[in-house]
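Step one of this worksheet: look at the structure below.
Numbering (the numbering used here), first residue to last: 14 to 255.
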């Protein structure tokens, strides 16, 4: 992901130097807008996961930290949304229509992790969107999918190694408990990588149809790799089951 962001930053630099930059805000180019949107999306996922892990009887310290994260994320989303409407003016009307509909219905209090960011892949054909923004998201999503598959691969290898070591070398309740805790952490990373990949792949499929990308063939390659990873994960779970 860092390499693509560097490439996009260099493209912005060239556009600024040649006077062809399409930035509508001095602190936010199109690539910064979309990459920040993906960062906010990742923060939403993490907050959703962490909030689900909180127990009923949380301490004041835990609740205070979660509330601070909640407020910070909400402020970041509000600021980003205002910049987003500069590049996608049609979203202003969409935001108004959504709020008016939800305003007439009794709904639960919205939290930052449930806010829809309306990235180009989420807009699809609902509202007009500049091809430049769609292309930027395509590049970022493609690398995001590859990074997720790499994470799946490395964590599957780690899980296999831990299971083999546990079966061959560990004896006693304490040692096995520590091994199980380590395996739980690896499993959490596997689930996160799987979720990230599925979300990125879904966005890529939408963007490929909008951009007529020849990368559909590459998408098939990503899908095949994901199937291999899923098969390996299934075999490891069978091995780990009692």
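Beta carbons are placed, not taken as given, at the ideal position from N, Cα and C, and that holds for glycine. Keep in mind it's a predicted model, so treat the numbers as computed, not measured.
Residue 142 in three-state terms, based on DSSP: As a position in the chain shown, residue 142 is number 129, starting the count at 1. In the structure shown, the three-state DSSP call for residue 142 is coil.
Helix, strand or coil at residue 40 [DSSP, three-state]: As a working mapping, residue 40 is identified with position 27 in the chain shown. Residue 40: coil per DSSP, three-state reduction.
Quick one: is residue 191 buried, meaning 16 or more other Cβ sit within 10 Å of its Cβ, or exposed? Looking up residue 191 in the chain shown gives position 178. So residue 191 ends up on the exposed side.
Short of 8 Å in beta carbon distance, which residues of its chain neighbour residue 161, apart from the five on each side in sequence? Order them along the chain. The sequence position of residue 161 within the chain shown is 148, counting from 1. Take residue 161, set aside five residues on each side of it, and the residues of its chain with a beta-carbon closer than 8 Å to its own are 206, 207, 209, 210, 213, in chain order.
What residue does the alpha helix (DSSP H) around residue 226 start on, and which one ends it? Taking the chain shown and counting its residues from 1, the one referred to as residue 226 is at position 213. Neither: residue 226 is in no alpha helix (DSSP H) and is coded neither H nor E.
Ordered along the chain, which non-local residues of its own chain (more than five positions away) have a Cβ less than 6 Å from that of residue 61? Along the chain shown, read from residue 1 onward, the residue named residue 61 stands at position 48. Here the set comprises 126.
When the Cα atoms are used, what is the spatial distance from residue 220 to residue 156? On the chain shown, position 207 is the one that residue 220 refers to. On the chain shown, position 143 is the one that residue 156 refers to. Whole-angstrom Cα-Cα distance: 14 Å.
By how many angstroms is the C-alpha of residue 44 removed from the C-alpha of residue 71? As a first step, residue 71 must be located in the chain shown, where it is residue number 58. As a first step, residue 44 must be located in the chain shown, where it is residue number 31. Annotation: residue 71 to residue 44 spans about 39 Å, alpha carbon to alpha carbon.
Under a three-way DSSP split, which group does residue 27 fall into? Residue numbering aside, residue 27 sits at position 14 when the chain shown is read from its first letter. Residue 27: helix per DSSP, three-state reduction.
What are the boundary residues of the alpha helix (DSSP H) that residue 94 is part of? If you number the chain shown from 1, residue 94 lands on position 81. Unbroken alpha helix (DSSP H) run through residue 94: 73 to 100.
Coarse secondary structure for residue 177, derived from DSSP in three states: On the chain shown, position 164 is the one that residue 177 refers to. In the three-state DSSP reduction, residue 177 falls in the helix class (H, G or I).
Suppose you measure from the CA of residue 225 to the CA of residue 132; what does that come to, to the nearest Å? The sequence position of residue 225 within the chain shown is 212, counting from 1. The sequence position of residue 132 within the chain shown is 119, counting from 1. About 18 Å.
Close Cβ partners of residue 77 (< 6 Å) along its chain, the five nearest in sequence each way excluded: Taking the first residue of the chain shown as position 1, residue 77 is located at position 64. Result list for residue 77: empty, nothing under 6 Å.
Under a three-way DSSP split, which group does residue 218 fall into? Start at 1 with the first residue of the chain shown, and residue 218 comes out as number 205. It is helical.
Excluding sequence positions up to five away, which residues of its chain have a Cβ less than 7 Å from the Cβ of residue 149? Here residue 149 corresponds to residue number 136 of the chain shown, with the count starting at 1. Around residue 149: 21, 43, 44, 47.
Alpha-carbon spacing of residue 123 relative to residue 53, whole angstroms: If you number the chain shown from 1, residue 123 lands on position 110. If you number the chain shown from 1, residue 53 lands on position 40. Distance from the CA atom of residue 123 to the CA atom of residue 53, rounded to whole angstroms, is 16 Å.
Cα separation between residue 229 and residue 100? Here residue 229 is taken as the residue at index 216 of the chain shown, counted from 1. Here residue 100 is taken as the residue at index 87 of the chain shown, counted from 1. Model confidence at residue 229 stands at a pLDDT of 49, short of 50, so the residue's coordinates are unreliable and nothing is read from them.
Considering residue 134, what are the terminal residues of the alpha helix (DSSP H) in which it resides? Counted from its first residue, the chain shown places residue 134 at position 121. In this chain, the alpha helix (DSSP H) harbouring residue 134 covers 133 to 136.
For residue 196, which residues in the same chain have their Cβ closer than 7 Å to its Cβ, ignoring the five residues on either side in sequence? Position 183 of the chain shown, counting from 1, holds the residue named residue 196. These residues qualify, in order along the chain: 172, 175.
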